[in-house]
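First residue of the sequence shown: 1, per the numbering used here; consecutive thereafter.
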Amino acid sequence: MSAATQISSERTFFGHPRPLFTLFLTEMWERFSYYGMKALLILYMTKYLFVNAAQGQEIWGFQAVKSIVEALTGSTSTQSLSSMVYGLYTGFAYFTPFFGGIIADRYWGQRRSVYVGAVVMAIGHFLMAVENLFFPALILLIIGNGFFKPNISTQVGGLYEQNDERRDRAYTLFYMGINLGAFFSPLICGTLGQKVGWHWGFGAAGVGMIIGLLTYHFGGKNLPQSLRKDSIQKIEAQAQQPLTKEDWTRTWALIFMCVVTIFFWGVYEQQGNTLQLWADQNTNWNFFGFEIPSTWYQSFNPLVIFFLAPVLDRFWAWQARRNQEPSTATKMALGCFMGTGALIVMFVAAKSLGGEKGNVLWLLGSTFMLTVGELYISPIGLSLVTKVAPAKIVSMMMGVWFLASFFGNYVAGYIGTYYDRIPKGDFFLLLAVLALIPGLLFIGTQKKLTRSLGSQI
């Protein structure tokens with residue numbers, strides 16, 4: 001069979017290689033577990049766990065964590081402590097992929113790292129059902145994610161040659177898998193957690209992780225093995241080759257782009273933090289006499305992505321055919337500007353409602369704009385890393401991309417401590433300004449980035 005014939009026969013998943021389907025489903029179930037737990041996390045802390053801890057219930061490590069947070073932010077309320085813990089957890093979940101990428105590049109390889117990460121995360125999810133082991137459970141989830149996240153993402157890029165124009169669109173489709181799992185998890189885990197019991201919700205998240213592990217294992221025969229699909233093996237084989245001057249130029253340009261996105265993620269991650277609190281405290285969820293759990297709000301973002309991602313995929317392909325597709329830097333700038341608009345909507349909502357419960361459309365309209373911004377940044381950034389990062393350090397550079405989200409999540413947690421300290425309108429206006437900064441930086445450095453990365457951007 002010729003190479004051309006094999007490539008043609010592989011186009012069985014939206015015009016992409018079949019192995020994309022395995023990675024799609026694996027990531028879908030892993031994200032089901034992650035976002036199911038995440039949907040409950042801020043409410044679990046503010047309404048139950050930390051309230052009980054303040055009343056004397058023993059939670060292993062609680063006093064130590066509280067002391068650290070107070071050293072960073074001063075005296076803390078239950079809300080501000082919960083916000084910082086949320087930010088530190090979600091932040092470190094993006095910090096460890098940097099090291100997981102290094103270990104995969106140098107020692108274990110992508111496949112084994114994914115297995116280790118999935119098993120460790122499954123254990124962490126089930127431990128979340130044990131109240132006094134809350135912090136050890138978070139630590140296991142952080143460690144497991146470090147091995148899983150960069151290496152499952154890298155394998156998507158390994159399905160394509162460097163100049164394959166389908167790569168950006170493959171990551172957009174992969175992103176649909178992420179968000180399909182993220183859509184169902186708040187509906188299932190969130191409802192179980194809020195209506196039946198917190199531990200039922202966390203247990204359901206653990207089941208999702210087990211299904212993801214089994215999907216990856218039994219679908220492994222479809223993963224890259226030969227011909228142009230051997231990119232993963234080539235990456236591991238090239239680990240001893242030194243970086244060239246061009247490699248270093250591209251690497252530093254890529255690092256700069258990762259750093260700039262920190263501001264955007266600091267705003268974006270408010271969805272699971274202060275915006276979830278707004279959904280719970282300031283939004284009317286009563287529909288025809290039925291009180292919808294506020295955690296269902298967490299399903300709106302992935303729902304928009306699931307339907308909008310293929311539309312943008314086709315839109316960018318249409319632009320590319322006419323040589324009008326924006327550069328990566330321009331796309332990211334547009335995403336940041338959408339984030340600014342999203343928080344301006346919340347600023348207007350806070351000023352208009354004055355602390356009363358308001359229509360859900362305020363929150364959903366803002367989240368829709370924030371989601372469009374995400375689609376112009378996250379899948380594009382994932383694709384960029386696999387295109388321009390030197391093969392020797394591609395998993396490590398994927399870790400750098402996630403490292404930017406670590407700092408962004410820390411910023412999100414820290415800023416979230418001001419949610420109850422300053423007027424809500426001022427809080428959302430501050431977030432709008434933070435989203436504007438990276439957009440301006442991307443526009444201002446676009447020409448220099450193009451020179452550094454060439455046609456790749």
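Note that beta-carbon positions come from the ideal geometry of N, C-alpha and C, so glycine has one too. Everything numeric in this text was worked out from a predicted model, so none of it was measured.
Beta-ladder partner(s) of residue i, from DSSP
i: Gly358; result: Thr283
i: Phe290; result: Phe287
i: His199; result: Answer by DSSP bridge pairing: none, since His199 is not bridged.
Rounded C-alpha distance that separates residue i from residue j
i: Arg228; j: Tyr419; result: Bear in mind that a pLDDT of 38 at Arg228, under 50, signals an unreliable position, so the number given afterwards is only what the model happens to contain. Approximately 51 Å between the Cα atoms of the pair.
i: Phe174; j: Thr215; result: 15 Å
i: Phe300; j: Gln446; result: 32 Å
i: Gly91; j: Phe184; result: 23 Å
i: Asn359; j: Tyr297; result: 13 Å
i: Pro438; j: Met397; result: 20 Å
i: Trp401; j: Cys258; result: 5 Å
i: Thr295; j: Pro136; result: 24 Å
i: Trp200; j: Leu192; result: 6 Å
i: Phe99; j: Leu312; result: 32 Å
i: Gly197; j: Val85; result: 21 Å
i: Leu40; j: Met346; result: 22 Å
i: Leu303; j: Cys189; result: 16 Å
i: Phe256; j: Gly289; result: 51 Å
i: Thr73; j: Thr283; result: 28 Å
i: Ser327; j: Met338; result: 17 Å
i: Trp60; j: Leu441; result: 43 Å
i: Thr251; j: Pro390; result: 7 Å
i: Thr450; j: Ile443; result: 11 Å
i: Cys336; j: Glu131; result: 38 Å
i: Ile103; j: Asn145; result: 13 Å
i: Ser226; j: Phe32; result: Here Ser226 scores only 33 on pLDDT, less than 50, and its place in the model should not be relied on; the value that follows carries that caveat. Whole-angstrom Cα-Cα distance: 31 Å.
i: Ser231; j: Ile393; result: Bear in mind that a pLDDT of 47 at Ser231, under 50, signals an unreliable position, so the model cannot answer this.
i: Ile262; j: Thr417; result: 18 Å
i: Leu49; j: Gly177; result: 32 Å
i: Gly158; j: Gly181; result: 23 Å
i: Leu308; j: Ala432; result: 23 Å
i: Ile142; j: Ala404; result: 15 Å
i: Arg314; j: Glu325; result: 11 Å
i: Trp285; j: Lys66; result: 33 Å
i: Leu25; j: Gly212; result: 7 Å
i: Ser82; j: Thr46; result: 6 Å
i: Phe62; j: Leu138; result: 12 Å
i: Asn458; j: Ile42; result: Beyond the ends of the chain as shown, which are 1 and 457, falls residue 458; an answer cannot be given.
i: Val51; j: Leu277; result: 16 Å
i: Gly101; j: Ile210; result: 22 Å
i: Val348; j: Ala71; result: 34 Å
i: Tyr376; j: Thr172; result: 10 Å
i: Lys460; j: Leu187; result: For residue 460 there is no data in the structure shown, the boundaries of the chain being 1 and 457.
i: Val249; j: Leu453; result: Note that residue 249 is Thr in the sequence shown, not Val. Going from the Cα of Thr249 to the Cα of Leu453 covers about 8 Å.
i: Ala97; j: Asp105; result: Here the sequence assigns Pro to residue 97, which means Ala is not the residue at that position. Each residue's Cα considered, the two are about 12 Å apart.
i: Leu133; j: His217; result: 29 Å
i: Tyr94; j: Phe147; result: 11 Å
i: Ile235; j: Lys245; result: Note that Ile235 has pLDDT 49, beneath the 50 cutoff, so the model's placement of it is unreliable and the number below is only indicative. Each residue's alpha carbon lies about 19 Å from the other.
i: Leu429; j: Gly365; result: 16 Å
i: Lys351; j: Glu291; result: 25 Å
i: Ile68; j: Leu254; result: 33 Å
i: Gly206; j: Leu361; result: 32 Å
i: Pro310; j: Ala64; result: 46 Å
Whole-number beta carbon distance between residue j and residue i, since they are thought to touch under 8 Å
i: Ala435; j: Leu363; result: No, Ala435 and Leu363 are not in contact; Cβ-Cβ is about 17 Å, not under 8 Å.
i: Tyr160; j: Arg169; result: The Cβ separation is near 10 Å, so there is no contact.
i: Val120; j: Leu140; result: 6 Å
i: Phe126; j: Gly219; result: In fact, because the Cβ distance is near 23 Å, the residues do not count as touching under 8 Å.
i: Ala118; j: Glu30; result: 7 Å
i: Gly413; j: Gly87; result: 1 Å
Neighbour flag for residue i against chain B, beta carbons, 9 Å
i: Leu81; result: You won't find chain B in this structure, because it holds only one protein chain.
Whether or not the stretch 376–396 and the stretch 326–346 are in contact is what I'm after, with contact meaning three or more pairs of Cβ atoms, one per stretch, closer than 8 Å; do they touch? yes
With contact counted as at least three CB pairs below 8 Å, one residue from each stretch, are the stretch 264–276 and the stretch 400–417 in contact? With the cut-off at 8 Å, the stretch 264–276 and the stretch 400–417 touch.
Is the stretch 69–88 in contact with the stretch 361–370, if contact means three or more CB pairs nearer than 8 Å? no
Fully enclosed by the stretch 83–138, which alpha helix (DSSP H) runs are 4 residues long or longer? 110–127
Report yes or no: do the stretch 16–23 and the stretch 105–116 share at least 3 C-beta pairs separated by less than 8 Å? The stretch 16–23 is not in contact with the stretch 105–116.
Could you pull out every unbroken alpha helix (DSSP H) segment of at least 4 residues lying fully inside the stretch 327–376, listed in chain order? As far as the stretch 327–376 is concerned, its whole alpha helix (DSSP H) runs of at least 4 residues are 328–353 and 360–375.
With contact counted as at least three CB pairs below 8 Å, one residue from each stretch, are the stretch 54–61 and the stretch 30–41 in contact? No, the stretch 54–61 does not touch the stretch 30–41.
For the structure I just gave you, are there three or more beta carbon pairs, one from the stretch 418–432 and one from the stretch 316–330, closer than 8 Å? Touching, no, given that fewer than three Cβ pairs across the two stretches are closer than 8 Å.
Can at least three beta-carbon pairs, one atom from the stretch 385–394 and one from the stretch 142–162, be found at a separation below 8 Å? Yes: the two stretches touch, three or more of their Cβ pairs being nearer than 8 Å.
Where are the alpha helix (DSSP H) runs, 4 residues long or more, that stay fully inside the stretch 394–422, in chain order? You should have 394–416.
Going residue by residue through the stretch 253–282, where are the continuous alpha helix (DSSP H) segments of at least 4 residues, counting only ones entirely within it? 274–281
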